[in-house]
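Heads up: the structure comes next, in structure tokens.
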Amino acid sequence: MATRKKASQEVAPEKTAPGKKAAPAKAGARKGAVRKSAGKKKPGKSGATPARARAAAAKSGRQRKSAPVAAAGQPRRAEVLRETSETRIKVALAIDEPGYSISTGVPFLDHMLEALSRHSGIGLNVDAIGDTHVDDHHTVEDVGLAIGEALRRALGDKAGIARFGHFETPLDEALVAVTVDLSGRPYLVYNLSLKPQRIGSFDVGLVEDFMQALMTAAGMNLHINVRYGRNPHHIIEATFKSLAKSLAMACARDSRMVGIPSTKGSLAG
Ligand SMILES: [Mn+2]
Numbered sequence: 004m005a006t007r008k009k010a011s012q013e014v015a016p017e018k019t020a021p022g023k024k025a026a027p028a029k030a031g032a033r034k035g036a037v038r039k040s041a042g043k044k045k046p047g048k049s050g051a052t053p054a055r056a057r058a059a060a061a062k063s064g065r066q067r068k069s070a071p072v073a074a075a076g077q078p079r080r081a082e083v084l085r086e087t088s089e090t091r092i093k094v095a096l097a098i099d100e101p102g103y104s105i106s107t108g109v110p111f112l113d114h115m116l117e118a119l120s121r122h123s124g125i126g127l128n129v130d131a132i133g134d135t136h137v138d139d140h141h142t143v144e145d146v147g148l149a150i151g152e153a154l155r156r157a158l159g160d161k162a163g164i165a166r167f168g169h170f171e172t173p174l175d176e177a178l179v180a181v182t183v184d185l186s187g188r189p190y191l192v193y194n195l196s197l198k199p200q201r202i203g204s205f206d207v208g209l210v211e212d213f214m215q216a217l218m219t220a221a222g223m224n225l226h227i228n229v230r231y232g233r234n235p236h237h238i239i240e241a242t243f244k245s246l247a248k249s250l251a252m253a254c255a256r257d258s259r260m261v262g263i264p265s266t267k268g269s270l271a272g
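According to my numbering, the residues represented by the sequence shown are 4 to 272, in order.
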């Protein structure tokens with residue numbers, strides 16, 4: 004699956020951030036498609052300040068000397084540009100700055116990513132051009148990889164975060180549970196058995212490819228369990244909403260969580 008040759012690079016993070024309600028980029032107007040945030044607030048500074056947290060940790064001797072400097076207090080943002088012969092994907096992600104602008108060329112994926120950003124409060128700009136004339140597979144998978152990589156970079160060393168998240172979202176007759184651990188160890192449990200079918204032009208099997216790519220690049224343990232449901236659109240949408248809420252929980256800063264939330268002292272994977 005992720006064996007195709009990829010090229011990706013980090014883009015300077017301070018230039019852009021997800022813009023609130025920015026108009027989706029038009030195909031053919033790719034230059035400068037990642038917008039500047041207009042008057043965005045800096046991420047909240049609730050809870051322990053990084054300096055105080057670090058001082059407390061140092062005092063108690065719990066923080067290892069080799070532990071990377073906590074990212075707390077710094078804007079949790081990252082940008083990823085991923086270019087291959089199949090796709091060109093630009094992602095700007097800002098954990099604490101809600102707002103989205105999504106244009107992937109795959110309408111159902113746009114709908115799901117909008118839900119992901121809207122319900123997580125994680126700012127997300129995605130601008131993708133892919134070989135959708137072949138099919139949607141490369142684009143869906145590579146968008147998952149780029150978002151996952153942006154999330155991993157934005158989280159930094161994960162000091163002071165909750166790390167775990169779980170949520171069950173209903174959508175009419177469907178109920179879907181998603182559980183995440185931002186452990187640095189990619190592992191997917193995917194209990195979402197939909198018979199092969201399409202929603203509009205979207206092949207529902209691609210949801211698994213997206214989740215596989217996302218959790219691999221983000222370095223997370225991701226469990227998806229459909230409790231029940233009939234309508235595939237409802238089931239998939241409830242999955243993305245549960246993922247959103249779970250990620251919001253896992254990324255949230257917990258003022259009682261001093262340093263990196265691991266007895267091992269690292270969540271680097
Ligand atoms: Mn919908």
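Just so you know, even glycine gets a beta-carbon here, dropped at the ideal spot from N, CA and C.
Any chance you could list the residues with Cβ under 7 Å from a heavy atom of ligand 1, keeping chain order? Those residues are H114, H236, E240, given in chain order.
Just to confirm my understanding: we take G50, look at its own chain, exclude 5 residues before and 5 after, and list those with CB closer than 6 Å. What are they? For G50, the predicted model reports a pLDDT of 39, less than 50, meaning its position is unreliable; a value from the coordinates is still stated below. Contacts found: R256, S258.
Quick one: Cα of V109 to Cα of K198, how far? Distance from the CA of V109 to the CA of K198, rounded to the nearest whole angstrom, comes to 20 Å.
What is the DSSP secondary structure of G126, reduced to helix, strand or coil? DSSP places G126 within a strand segment (E or B) once states are collapsed to three.
Using beta-carbon positions only, say whether P189 and T142 come within less than 8 Å of one another. Going by C-beta atoms, P189 is not nearer than 8 Å to T142.
Label T266 either buried or exposed according to how many other C-beta atoms from any shown protein chain fall within 10 Å of its C-beta, with 16 as the threshold for buried. Looking at its Cβ environment, which holds fewer than 16 other Cβ atoms inside 10 Å, T266 is exposed.
Where does the unbroken alpha helix (DSSP H) through D99 begin, and where does it stop? Here D99 belongs to no alpha helix (DSSP H), and DSSP marks it neither H nor E.
DSSP three-state call for T87: helix, strand or coil? Three-state DSSP puts T87 in coil, outside helix and strand.
Can you check whether the CB of I150 is closer than 8 Å to the CB of L225? Not a contact, by the Cβ cut-off of 8 Å.
Counterpart residues of G307 in DSSP-defined beta bridges: What is shown of the chain runs 4 to 272, which leaves residue 307 out entirely.
Find the nearest neighbour of G159 within the set A180, L174, L185, S120, judged by alpha-carbon distance. Out of A180, L174, L185, S120, L185 has the C-alpha closest to the C-alpha of G159.
Close beta carbons around G155, own chain, < 6 Å, minus the five adjacent residues each side: For the record, residue 155 in the displayed sequence is Arg; it is not Gly. Only A221, G222 meet the Cβ criterion.
To the nearest whole angstrom, what separates the beta carbons of G232 and A180, a pair I think is in contact under 8 Å? Contact flag wrong, Cβ pair sits at about 11 Å.
Mark Q200 as exposed unless 16 or more other C-beta atoms lie within 10 angstroms of its C-beta, in which case mark it buried. Q200 should be labelled exposed.
Identify the continuous alpha helix (DSSP H) that holds T242 and give its terminal residues. Looking at the DSSP string, the run of the alpha helix (DSSP H) that includes T242 is 235-254.
Rounded straight-line distance, which links the Cα of F111 to that of I105: Rounded to whole angstroms, I105 to F111 spans 11 Å at the Cα level.
8 Å contact criterion, which G76 and P101 should meet: CB distance rounded: Distance from G76 to P101 at the Cβ level is roughly 19 Å; contact not present, criterion being Cβ atoms closer than 8 Å.
Within 10 Å of its beta-carbon, does D175 have 16 or more other beta-carbons around it, so buried, or fewer, so exposed? By the neighbour-count definition (other C-beta atoms within 10 Å, threshold 16), D175 is an exposed residue.
Ligand 2 heavy atom lying under 7 Å from the CB of A162: The model depicted lacks ligand 2 and carries ligand 1 instead.
By Cβ distance below 6 Å, which residues in the same chain neighbour R91 in space, the five residues on each side in sequence not counted? For R91, where only same-chain residues beyond five positions count, the Cβ hits under 6 Å are I132.
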